[in-house]
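Listed in order, the protein sequences are those of chains A and B.
Be aware that the first sequence starts at 1, since it is given in our numbering, and climbs by one per residue.
Be aware that the second sequence starts at 1001, since it is given in our numbering, and climbs by one per residue.
Below: the structure, in structure tokens.
Number of protein chains: 2
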Amino acid sequence: MTTTTRIHSAGEAGFVEFRASPGHRRPVAKRGSVEVVVIGHTGQVGSALVQRLTRIGGQRGLPELKFSEGINRSRHIFADGREVRELPRASGSLGELASRLGSRRRPAVIVDCTADPDLPRLYPDWLRAGIGVVTPNKHGLAGDEKLYRAIREAAQRSGAPLAYSATVGAGSPILSTLRRMRQAGAAPSGITAVLSGTLSHVFSAMTDGASLSEAVADARSRGFTEPNPLEDLSGRDVARKLRIMLREAGLDEIGIHREPVVPDAPARSASDEPAVKALLESLDEAWRRRLAQARSRQTVMVYLARFGQSGATVAPVCVAPDSPFARLAGSGNRACIEWPDDPDCPMDIFGPGAGTNVTAGAVLADLVEAASGLAR
Amino acid sequence: MTTTTRIHSAGEAGFVEFRASPGHRRPVAKRGSVEVVVIGHTGQVGSALVQRLTRIGGQRGLPELKFSEGINRSRHIFADGREVRELPRASGSLGELASRLGSRRRPAVIVDCTADPDLPRLYPDWLRAGIGVVTPNKHGLAGDEKLYRAIREAAQRSGAPLAYSATVGAGSPILSTLRRMRQAGAAPSGITAVLSGTLSHVFSAMTDGASLSEAVADARSRGFTEPNPLEDLSGRDVARKLRIMLREAGLDEIGIHREPVVPDAPARSASDEPAVKALLESLDEAWRRRLAQARSRQTVMVYLARFGQSGATVAPVCVAPDSPFARLAGSGNRACIEWPDDPDCPMDIFGPGAGTNVTAGAVLADLVEAASGLAR
């Protein structure tokens, strides 16, 4: 079955088009065009990205981005200009991307907009075929050593661009700063960061007197948590982000000690919603005591990612109430990075840590950079 | 006269070498090498850069940086490996760089480590010859519209890299963020920034009760000011940084209103040190009153660069004492950037705004990126 649809590119509220100056309006030859394949094109970030792609247009000196395919769990669409053919997704459609796109002349970038833990296993094939990879998916870059090395290796050998600024801090310039400094021969001497808006919200609510189970229920009702909130409370997502930061800084071999909010063993056994609720309630009293203890010391508790002389940890930590890490606004992420060059003046980067628009913006910025590298 | 010297590359205190992981130590072919010509190689930033260049070594997947020439006001050195020939600088040595370097096969980058207001007039020639340009010198990028367009145009047409992250915030990721977002089609809706460590120091001292002339004398004795402190007090340097930020954001045509700490007309007439001192003292009383007024309103005064709906200004402004812009540590710079995508959660970037090591580090990071672009 084939259907034809039209992609709408109506102006999205809250997004200002680039206001080009007169000089930028002069017609000049664009540097080629780049095909963009979006996996997860119907998800939140994926659909926001596709909307922007159809609207952005080639800018002066930058290649044109052509959204050519979208693939989700069940459908595969092929776009040609604004006409779109939609087909059921064939089995093997992801596996054959490397050879199909790689054999064409036009440069291409695959954007993985999923949170699929297995899809990154295909990145090395794509990269080896000279296809760029852009993604907000943390599982490859934070994945096991072997996969991570294979991804890096493939990108380095083929020269195909690989970009993932949206994996940490939703595109705040945290990773780019670590990478630039590594390339210039410098490694950070310390990192302190709040990397989970969800955990900030939970700890902030507990500081205000809510129990753990109430705080989690509140975060969940606002759409801040994963479908299973124990995933957020495990600290694994924060550990992944710290892992990506450390790797970007060239510190590949640092072990990360993780202290979950809810212990791993009972979390694994809590298989349904009532079990999760019961587990959280069983921990309310212990967390009430920890928060009271923090308060008695004139501190507040936050969930921090840290790296320093004594190693790397993600854990609940007491900080002074006027610390920049206490009670961050909204889902904000903050990373404070110390450099041996100027230990008295650490770099401090704060930005929205999540959000569909912000993440899609970061992915698009990565995509433009990747495409520029390919179309050169 | 020709002398032969040896460049020392003894470990500089306070700088940690990149700790490569085992994977990074495997010998792989480097992607070519790039010649580096440093203008102002004996100045503070220039000599720190040359020291690092001799030490950094080619990193995996990155081109090797070969320091080949250094030029200052009187000398011209030619480096071949670690042997260096030093000659008196010939007239026209800068003018002939474009043709001499451009005619060779090896890719080259010129680093302008001066603060010379005229040297940037040569950037378009260099760029047109395919030579990369890296600089912490603000005068070209903040310069008059015609020169700025010529520089941009030359870089765009030739594809030669042009990098200047050290011009604003000493390499804090302020400019890279604005550029990335512009390329992705987004313009900031607001900017608030402290961009002068010198003015922060002066206003902080005045808040603590010093008079203007005392505050300036103190900043000067610590080496924080230009030889003529009226240059800092004019706000021109802050205006240049804001100009570079706005241009990077694609907002080329915004006028900047500048309110100096010392009015321009008497500042122009103060030709020697006693005249500068007398001028500052004549303004002590007026500034004492402004500071007292700020205090009576429970505010402190800082020198801010701002952009928003009502335009762009650099001026002394009253802020709340707990504002992130009040009393920044050391020479720290802070830029707060609002995006229409997430107006409630502006991005906030803080970092050391000055310092020889930090600036040289930013120039080196730019240089590595520029060289990667050339050696591709």
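Positions of the beta carbon are idealized from the N, C-alpha and C atoms, including for glycine.
Keep in mind that this is a model prediction, so the values were computed, not measured.
Leaving aside the five residues that flank B:Ala1210 on each side, the residues in its chain whose CB is nearer than 8 Å to its CB run, in chain order, Asp1218. The alpha helix (DSSP H) runs of length 4 or more contained entirely in the segment 1077-1120 of chain B are, from start to end of the chain, 1097-1102. The secondary-structure analysis by DSSP pairs A:Ala305 across a beta bridge with A:Ala193, A:Val314. In the DSSP annotation of this structure, the continuous segment of the beta strand (DSSP E) that includes B:Gly1332 starts and ends at 1332-1338. Residues of chain B whose Cβ lies closer than 9 Å to the Cβ of A:Ser176 are, in chain order, Pro1173, Ser1176, Thr1177, Arg1180.
When the beta-carbon positions are compared, B:Ile1131 and B:Leu1101 come within less than 9 Å of each other.
When the beta-carbon positions are compared, A:Ser33 and A:Ala375 come within less than 9 Å of each other. Put simply, of B:Leu1280, B:Thr1225, B:Asp1112 the residue whose alpha carbon is nearest the alpha carbon of B:Ala1360 is B:Asp1112. For chain B, the residues of the segment 182-198 of chain A that bring a beta carbon within less than 8 Å of one of its beta carbons are Arg182, Gln183, Ala184, Gly185, Ala186, Ala187, Ser189, in chain order. Around A:Phe203, no beta-carbon contact reaches into chain B at under 9 Å, the shortest distance being about 18 Å. When the five nearest sequence neighbours on each side are left out, the beta carbons in the same chain lying within less than 6 Å of the beta carbon of A:Arg128 are those of Ala154, Ser158, in order along the chain. For B:Gly1332, same chain residues with a beta-carbon under 8 Å away, outside a window of 5 residues either side, are Val1194, Gly1197, Ser1200, Phe1350, Gly1351, Pro1352, Gly1353 in chain order.
For A:Glu86, the closest of A:Gly92, A:Ala98, A:Gly70, A:Ser99 by C-alpha to C-alpha distance is A:Gly70.
C-alpha of B:Pro1260 to C-alpha of B:Tyr1303: approximately 9 Å in a straight line. In the displayed model, A:Phe350 falls within a strand according to three-state DSSP.
Here B:Glu1369 is buried: its Cβ has 16 or more other Cβ atoms, across all protein chains shown, within 10 Å. Under a 10 Å Cβ-count criterion, B:His1139 is classified as buried, with 16 or more other Cβ atoms of the shown protein chains found around its own Cβ. Within chain B, the residues Ser1172, Pro1173, Ile1349, Phe1350, Gly1351, Pro1352 have their CB atoms less than 9 Å from the CB of A:Met347, given in chain order.
The three-state secondary structure of A:Glu35, taken from DSSP, is strand. Contact of B:Leu1364 with chain A is assigned, a C-beta pair being separated by under 9 Å.
When 8 Å is used as the limit between beta carbons, B:Asn1357 is near these residues of chain A: Asp341, Asp342, in chain order. Neighbours of A:Arg52 in chain B, taken as residues at a C-beta separation under 9 Å, are given in chain order as Ala1184, Gly1185. One Cα belongs to A:Ser99, the other to A:Ile110, and the distance between them is close to 13 Å.
For the segment 199-250 of chain A, the continuous alpha helix (DSSP H) assignments of 4+ residues that do not extend past its boundaries occur at 212-221, 229-233, 236-248, in sequence order.
Using a CB distance cut-off of 9 Å, A:Val368 counts as an interface residue toward chain B. The segment 142-154 of chain A makes contact with the segment 239-247 of chain A, as at least three CB pairs between them are under 8 Å. Within the segment 132-154 of chain A, Arg149 place their CB atoms closer than 7 Å to a CB of chain B, listed in sequence order. Taken through DSSP and simplified to helix, strand or coil, B:Leu1065 comes out as strand. Closest in C-alpha terms to A:Ser271, from the list A:Val363, A:Leu230, A:Val84, A:Met301, comes A:Leu230. In this structure, B:Leu1062 lies near B:Ser1372, with their beta-carbon atoms less than 9 Å apart. In the DSSP assignment, A:Val319 forms a beta bridge with A:Val300.
In this structure, DSSP gives B:Leu1162 an extended state, which the three-state scheme calls strand.
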